[in-house]
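Chains as they are written, first to last, in our numbering: chain Z, 18 to 152; chain X, 18 to 152.
Cβ atoms here follow ideal geometry from the backbone N, Cα and C, with glycine treated the same way.
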DNA sequence: CGTTGATAGGTGTATATTACACATAGCTGC
DNA sequence: GCAGCTATGTGTAATATACACCTATCAACG
């Protein structure tokens with residue numbers, strides 16, 4: 018007993034590669050310039066982020082609009098298909114700011130993990146089980 | 018026309034505060050030490066991250082186990098209710114590493130947003146609409 | 001004119017994830 | 001016994017996502 022079944026290769030990694038990161042990143046882009054969905058989807062790809070489904074991008078933008086974080090209007094000034102131009106609202110800006118804070122906290126936690134956070138030198142070979150002596 | 022309906026206060030912010038961040042953070046904690054669910058949920062809270070539902074934490078851990086990123090065994094060495102002790106598998110370690118890279122990219126994007134990425138000085142008052150002259 | 005291809009914005013749906021409420025069980029103190 | 005903390009779960013409704021698919025505009029080509 019007390020045997021951990023190590024190393025069985027992960028079946029298929031059924032993880033969503035995204036989460037609120039899509040929402041946050043879209044708002045971030047819109048903080049600098051107004052843009053339309055097709056363009057945002059491209060910027061996402063160019064930024065080296067994992068590929069997003071364009072349908073998801075469009076749907077997410079509409080949802081952001083429903084909740085008041087962005088606003089949009091049809092732009093027919095250019096030739097070609099009409100574009101729905103989005104811009105960040107004040108509420109969206111506030112939301113983004115708070116989310117950037119949260120993201121920073123996650124980053125801090127992960128950063129500590131990478132560096133090996135224990136001041137008493139983390140002994141790699143003998144992983145401590147739990148934080149033994151504490152409280 | 019072409020009027021954007023600004024400032025309508027967001028209805029209720031129906032956003033999940035988490036995403037794969039929970040998965041990633043759990044794996045990150047397990048990289049340093051083995052732990053059980055209750056403990057991990059506490060560490061999450063102590064790290065200043067937005068509160069997680071404990072049920073979600075437990076469910077996520079089981080799911081991580083199903084996919085082979087962590088392994089577990091019942092620990093009855095201490096008094097009190099039995100604990101399911103988790104540890105990171107090799108697959109989990111690899112997965113975590115790649116995810117930290119991805120997270121870094123998101124951070125980079127958001128960071129640029131904060132700093133005001135345009136070298137030509139972003140004029141706050143006159144937000145450029147789209148990346149006008151380009152291509 | 002017809003068709004192809006790029007641009008642009010969607011929808012339907014099956015599956016996955018999550019928050020919320022609630023359930024179970026061990027153990028301690030009274 | 002029983003209240004309360006520890007510890008781990010489940011049921012379910014709401015939400016989110018990937019994948020496949022659809023519509024429409026416009027430019028170029030023959």
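Here residue 115 of chain Z carries a helix assignment [DSSP, helix/strand/coil]. Where residue 105 of chain Z is concerned, there is no enclosing alpha helix (DSSP H), although the beta strand (DSSP E) around it starts and stops at 100 to 105. Remark: fewer than three beta-carbon pairs, one from each stretch, lie closer than 8 angstroms, so the region 107 to 121 of chain Z and the region 69 to 76 of chain Z are not flagged as touching. Nearest CB-CB separation between residue 59 of chain Z and chain X: not below the 7 angstroms threshold. When secondary structure is reduced to three states using DSSP, residue 69 of chain Z falls in the coil class, being assigned neither helix nor strand. The beta carbon of residue 90 of chain Z is closer than 8 angstroms to those of 101 and 102 in its chain, skipping five residues each way along the sequence. One Cα belongs to residue 128 of chain Z, the other to residue 70 of chain X, and the distance between them is close to 24 angstroms. Residue 44 of chain Z is a Cβ neighbour of residue 109 of chain Z, given a cutoff of 7 angstroms.
Of all residues in the region 66 to 80 of chain Z, the ones placed with a Cβ closer than 7 angstroms to any Cβ belonging to chain X are 66 and 67, in chain order. With respect to the 7 angstroms criterion, residue 111 of chain Z and residue 47 of chain Z are not classified as neighbours on the basis of their beta carbons. Chain X places no beta carbon closer than 7 angstroms to that of residue 54 of chain Z, leaving this residue out of the contacts. Listed as beta-bridge partners of residue 87 of chain Z by DSSP are Z:105.
With its beta carbon less than 7 angstroms from one in chain Z, residue 126 of chain X belongs to the interface.
Within chain Z, 36 and 123 have C-beta atoms less than 7 angstroms from the C-beta of residue 38 of chain X, given in sequence order. At least one C-beta of chain X is nearer than 7 angstroms to the C-beta of residue 45 of chain Z.
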